[in-house]
Amino acid sequence: MRLIDLRSDTVTLPTEEMRAFMAKAEVGDDVFGEDPSVNKLQEMVADLLGKEAALFVASGTMGNEISIKILSNWGDEVIVEQESHIFNYEVGVASAFFGVQLSPIKGIKGVFTSEQVKDKIRPENIHFPRTKVICIENTHNRGGGNIFPLDEIERIKKIADKYKLKMHLDGARLFNASVATKIPLKEYSKFFDTVTICLSKGLAAPVGSVIAGDKPLIDEARRIRKMMGGGMRQAGIIAAAGIYALEHHLERLEEDHYNASLLAKSIADIKGIKIDPNDVKTNIVIFEVTDTRLSAQEVIEKLLKNGIKMLLFKEKFIRAVTHLGIEENDIRYTSMVLDKIFSG
Ligand code: TLP
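Quick note: the sequence shown uses the working numbering, first residue 185, plus one each step.
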């Protein structure tokens, strides 16, 4: 039985064409800055995001945390959203390695306001940590792929400037936001000192993320990457997959959005499931199991018996993520199976 793996867009496999492109990649020693494929990928991302420079890193987590490190000092405070990846899924790195404290704001589907930011900023006082960085996640994973509105980002940036704070964008799925809104990537990234994008999610490369920013910041990021053991050698082999993904897999994200929306619409009327299809803006679908006879975990087990994988998100919530390799027919089959599970 063919598995329909909707747990995450991180499960995508490199296509034959991507593998062929990787096999031919020109490589060199990237710790010496001599890998042509890594250099090309970095230039491509810097250009796409309208930044001076960029740095290839192992993962989105590494990208976010190096960014936090280079924008803050020991003992500082970093504002994040309460449901954000940085606050929930990065193993406490910011405090464990870099000695900064995270200060969470409760947003609505990942979105918070400039007023909330203002309320979080600490006045100068010997007792307080210094507020130094604001992090935004766009699209927002636990917010169900929600898109952070550009005008709110602009208002937050004004507050950041007023209080001399830095801005970091966790853009693991920024490409999804840009494809869905048709707002160019640069329009989002211009408000941020550092931006991390992931190549191994919707873009379907096997490994890697990129941090972009001003040259001095990226030079510093390179040092911190080395400090964390992230200096790679002939990394062009994997960077090539990123180049291929940027050239071939960007526009197709629309298909993922279409499939996510189709899934939400086709399960919205099932008794025992709660989801508003209007909430699905990109490639993530989070639905609630309201049927008291079934737990979300049991639903996941029944799906698996039918060859479908989804992720338990919270006690009563399930996450499904569409990506390269998931076809419209898979979505129609998935909604039929869900219909059977809840009517049985
Ligand atoms: N998200 C993964 C899991 O870690 C939860 C997923 O399956 O969605 N920022 C955001 C918004 C992310 O969703 C993720 C990964 C990351 C950063 C970290 O990327 P990696 O996994 O490359 O460290």
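Backbone N, C-alpha and C fix where the C-beta goes; we use that ideal spot for every residue, glycine too.
No experiment lies behind these values; they were computed from the predicted model shown.
Using CA coordinates, which residue listed in the options is at the minimum distance from residue i?
| i | options | result |
| --- | --- | --- |
| Lys500 | Val473, Glu482, Ala238 and Lys493 | Val473 |
| Ile292 | Gly327, Asp335 and Arg477 | Gly327 |
| Tyr372 | Ala444, Val391 and Asp335 | Asp335 |
| Leu255 | Lys302, Ser362, Glu218 and Arg314 | Arg314 |
| His269 | Ser221, Asp354 and Val284 | Asp354 |
| Asn257 | Lys316, Lys224 and Ser527 | Lys316 |
| Ile343 | Gly386, Glu299 and Val363 | Glu299 |
| Ser251 | Thr297, Arg503 and Pro400 | Pro400 |
| Glu249 | Met412, Gly386 and Glu201 | Met412 |
| Thr518 | Met416, Asn462 and Ala448 | Ala448 |
| Val241 | Arg306, Leu349, His441 and Met416 | Met416 |
| Leu522 | Phe497, Lys302 and Leu478 | Leu478 |
| Asn513 | Cys382, Asp440, Thr378 and Ser362 | Asp440 |
| Ser362 | Ile381, Gln418 and Glu200 | Ile381 |
| Ala237 | Gln418, Glu482, Thr378 and His432 | Thr378 |
| Pro307 | Phe281, Gly276, Leu349 and Phe282 | Leu349 |
| Glu200 | His432, Phe282 and Leu496 | His432 |
Taking the beta carbon of residue i as the centre, do at least 16 other beta carbons fall within 10 Å, making it buried, or is it exposed?
| i | result |
| --- | --- |
| Lys366 | exposed |
| Leu488 | exposed |
| Lys253 | buried |
| Ser279 | exposed |
| Gly414 | buried |
| Ala364 | buried |
| Gly528 | exposed |
| Asn309 | exposed |
| Thr345 | Per the sequence presented here, residue 345 reads as Asp, with Thr not at that position. The residue in question, Asp345, is exposed, as its Cβ has fewer than 16 Cβ neighbours within 10 Å. |
| Arg357 | buried |
| Met520 | exposed |
| Phe312 | exposed |
| Glu274 | buried |
| Asp460 | exposed |
| Ala204 | exposed |
| Glu511 | exposed |
| Glu321 | buried |
Are residue i and residue j touching if we call contact CB-CB under 8 Å?
| i | j | result |
| --- | --- | --- |
| Ala424 | Met206 | yes |
| Leu187 | Lys493 | yes |
| Ile427 | Met246 | no |
| Gly491 | Met185 | yes |
| Ile502 | Ala480 | yes |
| Phe359 | Leu434 | yes |
| Ile515 | Leu437 | no |
| Val233 | Leu430 | The residue asked about is misnamed: residue 233 is Leu in this sequence, not Val. No; because the gap between Cβ atoms is not below 8 Å, this pair is not in contact. |
In the DSSP output, what is residue i paired with across the bridge?
| i | result |
| --- | --- |
| Phe240 | Val394 |
| Thr137 | Shown here, the chain extends from 185 to 528; a query on residue 137 therefore has no answer. |
| Leu286 | Val262 |
| Asp189 | Lys493 |
| Glu472 | Lys458 and Phe501 |
| Thr297 | Bridge partners of Thr297: none, in fact. |
| Glu321 | Asp354 |
| Thr315 | Glu261 |
| Ile292 | Val295 |
| Asn330 | His324 |
If you drop the 5 nearest sequence neighbours on each side, which residues of the same chain put their C-beta closer than 6 Å to that of residue i?
| i | result |
| --- | --- |
| Ser192 | Val505 |
| Ala444 | Val464, Asn467, Val469 and Thr506 |
| Ile457 | Ile451 and Phe471 |
| Val391 | Ser384 and Ile422 |
| Val284 | Ser256, Asp260, Val262 and Ala278 |
| Asp231 | none |
| Val264 | Ile270, Phe271, Leu286, Pro288 and Cys319 |
| Lys235 | Ala396 and Gly397 |
| Gln266 | Pro288 and Lys290 |
| Val215 | Gly415 |
| Tyr347 | Ile305 |
| Lys498 | none |
| Lys486 | Ile525 |
| Val222 | Asp214, Phe240, Ala419, Gly420 and Ala423 |
Can you give me the Cβ contacts of residue i inside the same chain, cut-off strictly under 7 Å, excluding the 5 residues immediately before and after it?
| i | result |
| --- | --- |
| Ser243 | Ser393 |
| Phe534 | Not covered by the structure: residue 534. The range shown for the chain is 185 to 528. |
| Leu239 | Gln226, Val394, Ile395, Ile402, Ala405, Arg406 and Arg409 |
| Asn330 | Lys293, Gly294, Val295, Thr323, His324 and Lys465 |
| Thr194 | Ser384 and Lys385 |
| Asp189 | Val195 and Lys493 |
I'd like to know if residue i contacts chain D, where contact means its C-beta is closer than 8 Å to some C-beta of that chain.
| i | result |
| --- | --- |
| Tyr517 | Given the protein chain composition of this structure (a single chain), no chain D is represented. |
Which residues in the same chain as residue i place their Cβ atom closer than 8 Å to its Cβ, once the five residues preceding and following it in sequence are excluded?
| i | result |
| --- | --- |
| Pro220 | Glu210, Val211, Gly212 and Gly420 |
| Asp475 | Lys455, Gly456, Ile457 and Phe526 |
| Lys224 | Ala423 and Ile427 |
| Lys304 | Ile263, Ser287, Ile289 and Thr315 |
| Val301 | Ile263, Ile289, Ile318, Ile340, Ile343 and Ala344 |
Using 7 Å as the cut-off, classify the Cβ of residue i as near or not near the heavy atoms of the ligand SAH, replying yes or no.
| i | result |
| --- | --- |
| Thr196 | The ligand SAH is not part of this structure, which contains only the ligand TLP. |
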